[in-house]
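Taking numbering that gives the first Met the number 0, the leading residue of the sequence shown gets 0, the next gets one more, and so forth.
Presented below is the structure to which this report refers.
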Amino acid sequence: MELGDIFKLECNHEGKVIWISSDGNTFGVRGVRRSCRTCGKKSAGSWTPCVYIFSLDDIESGES
Numbered sequence: 000m001e002l003g004d005i006f007k008l009e010c011n012h013e014g015k016v017i018w019i020s021s022d023g024n025t026f027g028v029r030g031v032r033r034s035c036r037t038c039g040k041k042s043a044g045s046w047t048p049c050v051y052i053f054s055l056d057d058i059e060s061g062e063s
C-alpha cells in the first residue's frame, strides 16, 4: 500500500490512501464521492470527506 493508491470502501466507491503509519501496517483512506454519505458529509453548503483508518491485519483476515 502506498500514498495515492486506490482502496475500495464499504460503499463500493474507490477511496484514496492519504496516510500510512511509519510501520506500514495502518493507513488512512479518504472518501471521494460527493453524493455518497459513506464517503463524506454535507453541511452548510460544503462537503467534508470522511477518512477511514484500516490495518493490514484487518483486511487480510476479512478476505479469508
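Ideal placement from N, C-alpha and C gives every residue a C-beta, glycine not left out.
- request: Evaluate glycine 44 with the Cβ neighbour count: other Cβ atoms within 10 Å of its Cβ, from every protein chain shown; 16 or more gives buried, anything less gives exposed.
  value: As a first step, residue 44 must be located in the sequence shown, where it is residue number 45. Glycine 44 is exposed by the Cβ-count criterion.
query: For the putative contact between valine 28 and phenylalanine 53, defined by C-beta atoms under 8 angstroms, what is the C-beta separation to the nearest angstrom?
result: Locating residue 28 in the sequence shown gives position 29, counting from the first residue. Locating residue 53 in the sequence shown gives position 54, counting from the first residue. Indeed they touch by this definition, with Cβ atoms about 6 angstroms apart.
query: So who's on the other strand from arginine 29, going by DSSP bridges?
result: If you number the sequence shown from 1, residue 29 lands on position 30. Arginine 29 is bridged to Lys15 and Val50.
- prompt: Which residue from Asp4, Ser42 and Trp46 puts its Cα closest to that of tryptophan 18?
  reply: Translated into positions along the sequence shown, residue 18 becomes position 19. The shortest C-alpha separation from tryptophan 18 is found at Asp4.
field: Nearest residue (CA-CA) to leucine 2, options Cys10, Lys15, Glu9 and Asn11
entry: Counting from one through the sequence shown, the residue named residue 2 turns up at place 3. Ranking Cys10, Lys15, Glu9 and Asn11 by Cα distance to leucine 2 puts Lys15 first.
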